[in-house]
Amino acid sequence: MPPTPRTTLSVRYNPVIAWVALALGALNFVLGALVPSLVNMVLGIMFIVLGALYLSREYFTYTTHTRTLEVIAPIGARRAFRGEDESSLVVEGNRIVLMRADGRRKKLPVMRWMSRPEQWDAVIAAIGETRKPA
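Here's what the structure looks like:
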């Protein structure tokens, strides 16, 4: 079997989610300005920032050579999940799961509905191609 090429697939957030967050943020901000409310203004700013991050940042990456899925939170640290040794990344329904050697499953914090569909499908195809034999 030929070696797997070194490829990193990037998955961005679904733009619909970003635009909904921006719209909610704008609505809350305007309401907070019209009817003076600090809570609505703060919520508005938070949703606007979150929507902007969803539009500009990656959701996660998958590296085919190392079978590593790296989740990039909008605010916070990166977390990497690796299908190595006796563990493997598998697809179950609309989720990606880390299957451990002892049979335990860990659902990874990535979901299809949060991703751009064509990019999600590319990662699913790559995981299927690089899955370790059972």
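11 is the number of the first residue of the sequence shown in my numbering; add one for each residue after it.
Note that the Cβ used here is the ideal one computed from N, Cα and C, for glycine as well.
Uninterrupted beta strand (DSSP E) stretches inside the stretch 113-142 (no shorter than 3 residues):
Annotation: the stretch 113-142 contains the following complete segments of the beta strand (DSSP E) (minimum length 3 residues), in chain order: 115-121.
Please identify the residue among GLU80, VAL100 and GLN129 whose C-alpha is closest to the C-alpha of ARG114.
As a position in the sequence shown, residue 114 is number 104, starting the count at 1. Checking every option, the nearest Cα to that of ARG114 belongs to VAL100.
If we require 3 or more residues per run, which beta strand (DSSP E) segments fall completely within the stretch 28-98?
Runs of the beta strand (DSSP E) inside the stretch 28-98: 68-73, 78-82 and 88-92.
Which residues in the same chain as MET11 place their Cβ atom closer than 8 Å to its Cβ, once the five residues preceding and following it in sequence are excluded?
Along the sequence shown, read from residue 1 onward, the residue named residue 11 stands at position 1. Note on MET11: pLDDT 47, under 50, position unreliable in the model; no value is reported.
Distance between THR78 and ILE106 (C-alpha atoms, nearest Å)
On the sequence shown, residue 106 is found 96 positions in, with the first residue counted as 1. On the sequence shown, residue 78 is found 68 positions in, with the first residue counted as 1. For ILE106 and THR78, the distance between alpha carbons rounds to 12 Å.
Any idea which residues DSSP pairs VAL100 with across the strands?
Along the sequence shown, read from residue 1 onward, the residue named residue 100 stands at position 90. Within the DSSP secondary-structure output, VAL100 pairs in a beta bridge with VAL107.
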